[in-house]
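J.: First, the structure itself, so that you have it in front of you.
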Amino acid sequence: MRIQLEDGRAIDAQAGQSALDIAKEHLPERYSGMLAAEFDGHLIDAFAPLQADGALKTLTWEDDGGKWTLRHTASHIMAQAVKRLFPQAKLAIGPAIDNGFYYDFDTDRPFSTEDFDAIEKEMKKIVKENFRLERIELPRAEAIAFFQQQNEPYKVELIEDLPEGETISLYKQGEFTDLCAGPHLGSTGKVKHFRLMSVAGAYWRGDEKNKMLQRIYATAFATKEELEAYIERIEEAKKRDHRKLGRQLDLFDIQDAGPGFPFFYPKGMVLRNQLENFWREQHAQRGYQEIKTPIILNRDLWIQSGHWDHYQNNMYFTKIDDLDYAVKPMNCPGSMLTYKRRIYSYRDLPERMCELGLVHRHELSGALHGLMRVRCFTQDDSHIFMTPEQIKGEVQGLIDKLTYFYKLFGFSFRVELSTRPENSMGSQEDWDNATEGLRLAIEELGMPFVVNEGDGAFYGPKLDFHLEDALGRTWQCGTIQLDFQMPERFDLHYVGPDGEKHRPVMLHSTSFGSIERFIAILTEHTAGAFPLWVSPVQVKVLSLTERNEAMAHAIAKSLSDRGIRVETDVRNEKIGYKIREAQLEKVPYMLVIGDKEAEAGVVAVRARKEGDLGTMTLTSFIESVEKEIRERR
RNA sequence: GCCAAUGUAGCUCAGUCGGUAGAGCAGCUGAUUCGUAAUCAGCAGGUCAGCGGUUCGAGUCCGCUCAUUGGCUCCA
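Structure, rendered in structure tokens:
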């Protein structure tokens, strides 16, 4: 096994070695007192044997690296408190997660935030009682018997799913014992700073066919300061929520009249059009041809594409002259028909098509979320038709394109390789080939990715690019999907060098993902202070008094004549007031025009970020602004 | 769709035990002509999300519906 250590070294570990063994050998100064380790992002027991290659980070529960352990113990304390207050509650699972922990309970009545005070109070009591956490190891059968006797059916089910012959570990604190791999803090008294955050329904084992359990989300920190800083951080993040900023900056909104159907107001459209212009420029440079295909197409087409069978739950339907039609949830069938309009030679391939396509999807009402998840959005789609030999090169070209897009905006991203889902079509051999094709292409570029089993599209596996919002939630934006199915279903072909017909392979891809979602991410990322080149208003000219009004208008005209987006504020208000407003509107540059400037023939420049920059000639201001726009800084 | 919470003026929010609806900002009108994040005064603005119920009386209590928020599921 190849293990990457936290200091960057990669070492060979023997099968059966635990994180503790490895730390003892290679990180002697870190291993003392070690109970928990982080392996590929997951908390593991330091005693547990490692099964696969991965990255190992040691954690000790005495230092601040032990947040996972602290939170895991906190989750046991919460479960103990809930059991004391609601003895009939059945325990499900309660892991530590990023920023906190949760515990799932099966209860005879739903929890509400009104129960929080009582639960927190009971937790404090348990902390005060300062129980020692004892690790108990039992043979499988005895562990099952124990939880049967405790009347904890979910725990029994969990143990039954563990491999035969394995010893089961339990952790006991006072009267409370839980099935748990560990590790834990030494005693409940060490968990002092926690807060219950929210309640939610959550399906047992994440499957909506199962019973919905009551999940309590909470968080815990080693110090009071850290806990308070965390709460503060959430409050700050809420201020950059794109839904709030969209309304404040008059860019976009979603009204009750159309849940999931966003409105873009004039300033939002300017921003959006800038992104689309950039997209067109990039695709033209990269050898794509833009198309536009219809939003409504007939039933036969959707049956042929497979959407009728595999995507119906997400589609909207209509009848025209008594015939069935569907509103497109994806753009690919339009591209298929575009390809089919003529005969292609192998010399024509790859054929790269792109489309800003408006799609509609019937998302569950509870899933809607501002511009992040809507029911109608524009996908910046590209469809590439190619020979099998061209797969790797085209996939790598797409990865290059997506990376270029995200780097330009300063986004960091995570890539996932999503494999075959349950509801899918095509042969396993095609799926294996397609999945391997994607894997080889990305591995060769040395780009890190994780595998997301069973999350592919119904027609093929995909590489998904995930971006973060203000609260650290991730959203899938770009995607690269390799597809052997659609060309088959639509009977696509090209003429090879042998003069025979051959089946092309196809790539579906988005860069922004959806224009709407990308704008949401960009808004939260920049807190509404967009880069100059996409800013709805780039420069605002502010007159000091009535005497400067004509001059302000003249300057604004010179700017707009050069294609710079400019607004003028000549209201009879104090300059401080006008500046404050322009700042709140996050306008990148303000020009203050008073008698002094008029006399000297200069402009006083103020940048939204740096503040007063002093005076310069209008010509040199225009030059520097044009340079900044050109360079898309 | 499921679990929980929320819904009062354009926005942010107050409204006690059920007794005729309140603030700040924004808007409008007037005065002020001002030098880098808020000038002053006045005016206007509401079917308290919608529908139904309890009550002499409902923003307030109950039920249903709609929408939003945080999760689950799903996904660009």
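Per this note's numbering, the very first residue in the first sequence carries number 90; after that it's consecutive. Ideal Cβ positions, reconstructed from N, Cα and C, are used throughout, including at glycine. Quick caveat: nothing in here was measured; it's all calculated off a predicted structure.
In three-state terms, what does DSSP make of residue 228?
T.: Residue mapping note: residue 228 aligns to position 139 of the first sequence, counting from 1. Strand.
J.: What number of angstroms, rounded off, separates the C-alpha of residue 374 from the C-alpha of residue 624?
T.: If you number the first sequence from 1, residue 374 lands on position 285. If you number the first sequence from 1, residue 624 lands on position 535. When rounded, the distance between both Cα atoms is 24 angstroms.
J.: Helix, strand or coil for residue 659? Go by DSSP, reduced to three states.
T.: Translated into the one-based positions of the first sequence, residue 659 becomes position 570. Three-state result, residue 659: coil.
J.: Under the rule that 16 or more other beta-carbon atoms within 10 Å means buried, what is residue 539, buried or exposed?
T.: Residue mapping note: residue 539 aligns to position 450 of the first sequence, counting from 1. Exposed, by the Cβ-count rule.
J.: From 423, 418, 249, 474, pick the residue whose C-alpha is nearest to that of residue 449; which is it?
T.: In the first sequence, the residue the question calls residue 449 occupies position 360. Checking every option, the nearest Cα to that of residue 449 belongs to 418.
J.: Give me the DSSP bridge partner(s) of residue 260.
T.: The residue given as residue 260 occupies position 171 in the first sequence. 224, 267.
J.: Going by DSSP in three states, residue 384 sits in which element: helix, strand or coil?
T.: The residue labelled residue 384 in the question sits at position 295 within the first sequence. Of the three classes helix, strand and coil, the one that applies to residue 384 here is coil, per DSSP.
J.: Near residue 403, which residues of its chain fall below 8 angstroms by C-beta distance, leaving aside the five closest residues on each side in sequence?
T.: By 1-based counting over the first sequence, the position of residue 403 is 314. So the qualifying residues of the chain are 418, 450, 451, 452.
J.: My output table needs one value for residue 116: the three-state DSSP class, helix, strand or coil.
T.: Translated into the one-based positions of the first sequence, residue 116 becomes position 27. Secondary structure of residue 116 (DSSP, three-state): coil.
J.: Looking at residue 593 and residue 476, is the spacing between their C-beta atoms short of 8 angstroms?
T.: Counted from its first residue, the first sequence places residue 476 at position 387. Counted from its first residue, the first sequence places residue 593 at position 504. In this structure, residue 593 lies closer than 8 angstroms to residue 476 by Cβ.
J.: If you reduce the DSSP assignment to three classes, tell me which class residue 342 lands in.
T.: Residue mapping note: residue 342 aligns to position 253 of the first sequence, counting from 1. Residue 342 falls in the strand class under three-state DSSP.
J.: Grab me the residues of residue 278's own chain with a C-beta within less than 7 angstroms of its C-beta, minus the 5 sequence neighbours each way, in chain order.
T.: Locating residue 278 in the first sequence gives position 189, counting from the first residue. Cβ neighbours of residue 278 beyond the five flanking positions: 216, 219.
J.: Can you give the beta carbon distance from residue 308 to residue 189, rounded, assuming they're within the 8 angstroms contact cut?
T.: Position 219 of the first sequence, counted from the start, is the residue given in the question as residue 308. Position 100 of the first sequence, counted from the start, is the residue given in the question as residue 189. Rounded, the Cβ-Cβ distance is 3 angstroms, consistent with contact.
J.: Which two residues bound the contiguous alpha helix (DSSP H) that contains residue 489?
T.: For the purposes of this step, residue 489 is identified with residue 400 of the first sequence, where counting begins at 1. Start and end: 480–497.
J.: Taking Cβ to Cβ, would you say residue 674 is nearer than 8 angstroms to residue 338?
T.: Working through the first sequence from its first residue, we reach residue 674 at position 585. Working through the first sequence from its first residue, we reach residue 338 at position 249. Closer than 8 angstroms, so yes.
J.: Please list, in chain order, all residues of the same chain as residue 234 whose beta carbon is under 6 angstroms from its beta carbon, the five residues on each side excluded.
T.: Here residue 234 refers to the residue found at position 145 of the first sequence. Here the set comprises nothing.
J.: Select from 179, 423, 468 the residue whose C-alpha is nearest the C-alpha of residue 199.
T.: Residue numbering aside, residue 199 sits at position 110 when the first sequence is read from its first letter. Of all alpha-carbon atoms in 179, 423, 468, the one lying nearest the alpha-carbon of residue 199 is that of 179.
J.: Out of 615, 591, 344, 610, which one is the CA nearest neighbour of residue 558?
T.: Translated into the one-based positions of the first sequence, residue 558 becomes position 469. Closest option to residue 558, Cα to Cα, is 610.
J.: Checking the sheet assignment: what are the DSSP bridge partners for residue 503?
T.: As a working note, residue 503 is residue 414 in the first sequence. Residue pairing by DSSP places residue 503 opposite 555 in a beta bridge.
J.: Would DSSP call residue 705 helix, strand or coil?
T.: On the first sequence, position 616 is the one that residue 705 refers to. Here residue 705 sits in strand by DSSP.
J.: In chain order, what residues of the same chain have a beta carbon less than 8 angstroms from the beta carbon of residue 348, not counting five sequence neighbours either side?
T.: Start at 1 with the first residue of the first sequence, and residue 348 comes out as number 259. Cβ neighbours of residue 348 beyond the five flanking positions: 454, 457, 464.
J.: Determine, using beta carbons only, whether residue 542 and residue 563 come nearer to each other than 8 angstroms.
T.: Position 453 of the first sequence, counting from 1, holds the residue named residue 542. Position 474 of the first sequence, counting from 1, holds the residue named residue 563. For residue 542 and residue 563, no; Cβs fall outside 8 angstroms.
J.: DSSP puts residue 440 in a beta bridge; with which residues?
T.: Looking up residue 440 in the first sequence gives position 351. Partner(s): 474.
J.: Quick one: complete alpha helix (DSSP H) runs, 4+ long, within the region 398–444?
T.: 421–429
J.: Nearest-angstrom Cα distance between residue 197 and residue 161?
T.: As a first step, residue 197 is located in the first sequence; it is residue number 108 there, counting from the start. As a first step, residue 161 is located in the first sequence; it is residue number 72 there, counting from the start. If you draw a straight line from the Cα of residue 197 to the Cα of residue 161, it is about 25 angstroms long.
J.: Decide yes or no for the touch test of the region 496–511 against the region 526–536: beta carbon pairs closer than 8 angstroms, at least 3 of them.
T.: yes
J.: In whole angstroms, what separates the C-alpha of residue 191 from that of residue 273?
T.: One-based indexing of the first sequence puts residue 191 at position 102. One-based indexing of the first sequence puts residue 273 at position 184. Those two C-alpha atoms are separated by around 15 angstroms.
J.: What residue from 483, 244, 544, 330 has the CA that sits closest to residue 270's CA?
T.: Residue mapping note: residue 270 aligns to position 181 of the first sequence, counting from 1. Residue 244 is the option with its Cα nearest to residue 270.
J.: Can you tell which of 650, 681, 634 has its C-alpha closest to the C-alpha of residue 660?
T.: Walking along the first sequence from the start, residue 660 turns up at place 571. Ranking 650, 681, 634 by Cα distance to residue 660 puts 634 first.
J.: According to DSSP, is residue 618 part of a helix, a strand, or is it coil?
T.: The count along the first sequence starts at 1 and reaches residue 618 at position 529. If DSSP states are grouped into helix, strand and coil, residue 618 belongs with coil.
J.: Among residues of its own chain, excluding the 5 on either side of residue 310, which ones have a beta-carbon nearer than 7 angstroms to its beta-carbon?
T.: For this step, residue 310 is matched to residue 221 along the first sequence. Same-chain partners within the cutoff: 282, 316, 319.
J.: Threshold first: 3 residues or longer. Then list the beta strand (DSSP E) segments lying entirely within the region 298–378, N to C.
T.: 301–310
J.: Taking the CB atoms as reference points, tell me whether residue 447 and residue 280 lie closer together than 8 angstroms.
T.: In the first sequence, residue 447 corresponds to position 358, counting from 1. In the first sequence, residue 280 corresponds to position 191, counting from 1. Cβ distance not < 8 angstroms, so residue 447 and residue 280 don't count as in contact.
J.: Identify which residue in 604, 345, 546 has its Cα closest to the Cα of residue 394.
T.: Taking the first sequence and counting its residues from 1, the one referred to as residue 394 is at position 305. Comparing Cα-Cα distances from residue 394 to each of 604, 345, 546, the minimum goes to 546.
J.: Between the Cα of residue 480 and the Cα atoms of 491, 692, 524, which residue gives the shortest distance?
T.: Position 391 of the first sequence, counted from the first residue, corresponds to residue 480. Ranking the options by Cα distance to residue 480, first place goes to 524.
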